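Numbering (the working numbering), first residue to last: 166 to 434.
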Amino acid sequence: MELWNAISPFLTLGVQMLDLGLVALIVYWLYRLTKGTSAIPIFLGLLAIYLIWKVVTLMGMRFLGEILGQFIGVGILAIIIVFQQELRQFLFSIGDRASFKQPPAWLTNLLPQRHAENRVSLPVEEIVRALEGLSKRKEGALIIIQRSSDLSIQIQSSTKLVADIYAPLIEAIFHKDCSMHDGGLYIAVGRIRGVRCVLPVSQSNHLPVELGMRHRAALGLSEGTDALIWVVSEETGTISLALEGELRRALHPNDCREIMHELLGSGNQ
C-alpha cells in the first residue's frame, strides 16, 4: 500500500502527460492536413474559441461559458461540413490497411531487411526513359506508382488496362492523339493496372498559378497516400514529383532514377 501511495503521483503525472501529448498529436495532424488550404484560418479560429471556452469555464464565468459551450456543440456539425475533405483524408490515413501492415519508416531503417526477395520488381529504367521522352516532346503525363497505400478509394475512376511496363507503351498512351492520354496511368505490383484515372484535386491555395490540373491532381492524391506521382508538363516539359503533399519540380531524369531507387528499393531495375 505504501508503495502504491509512493508511485501513484508519478502514474497520475504520466497519464496527464500522455493525455496532453495525444491531444497535441491530433492537433498537429489536423494542422498538417489543413496546411496551405482555405480551411486553416477556420481551424485556428475554432481552436481559439475552444481554448477561450476552457479558460472561461475554469474561471467560473457561468453565463459566458454556457454561450460558448452551445457554440462549441453546434461547431461540431460545422467542422464536419467545413472540413469534410480534410476529415476524409484524416480517416483514410487512419484506416489505410497498409499503415497497420508496416512499421514506421524510422523503425524500418533499424530493422533487418527481411524477405527482400519477395518484393515486386519495378522496371525503373523503363519509367525513366518514358519520362525523359515525354519531357523532350512536351507531352503531358501523369504516372501513379503505388507503394504501400491502397489507392482503390482515392482513384475515383479509371479504364482497366493490365500490361507490362515499357517506355514505348507509356509514351504511346500519353501521345496527344491517343484516346487514353487524359487522366493518370496507374502502376501497381510491377505492372500497369489502369489508364485515364481520375484523381482528387488538391485544394491548397498556395500552389503557383502556372500549375495545371495534372499537378493539382498529383498533389491531391499524394496528400492522403504514400504513392509516387510523376507529372510531365505539356507547356514546359518539366518533370515533377508529388510525394506526401509536396511537389518537387524541375527534376532531371537522373534525379527520377535516384528517387525511385531510394524509395522503391535498390533491387528495382
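All C-beta atoms in this analysis are idealised placements derived from N, C-alpha and C, irrespective of residue type, glycine included. Since this is a predicted model, take the numbers as computed values, not measurements.
- Counting the other CB atoms within 10 Å of its CB gives LEU223 a total below 16, which places it among the exposed residues.
- A contact between stretches requires three or more CB pairs, one per stretch, nearer than 8 Å, and the region 326–344 fails this requirement with the region 409–429.
- For GLY230, the closest of VAL360, ILE217, ALA353, LEU408 by C-alpha to C-alpha distance is ILE217.
- For a cut-off of 8 Å, the C-beta gap from ILE330 to ALA392 is around 16 Å, too long to register as a contact.
- Its Cα nearest to that of LEU350, the residue ALA306 stands out among ALA306, SER398, LEU299.
- Sorting ARG381, SER323, MET182 by C-alpha distance to the C-alpha of ILE357 places SER323 at the top.
- By the Cβ rule, the region 422–431 counts as touching the region 286–295, because three or more pairs are nearer than 8 Å.
- Within its own chain, the residues whose Cβ lies closer than 8 Å to the Cβ of THR401, once the five positions on either side in sequence are excluded, are LYS303, listed in chain order.
- The closest CA to that of GLU388, considering only CYS362, ALA171, GLY410, is found on GLY410.
- Of the candidates CYS362, GLU297, ARG413, CYS362 places its Cα closest to the Cα of LEU326.
- Taking a C-beta distance under 7 Å as the contact criterion, GLN319 and THR390 qualify as a contact pair.
- For the 7 Å CB-CB criterion, ARG379 and VAL366 do not form a contact.
- In terms of CA proximity to ALA328, ALA353 leads the group ALA353, TYR193, THR177.
- DSSP, reduced to helix, strand and coil, places ARG356 within a strand of the structure shown.
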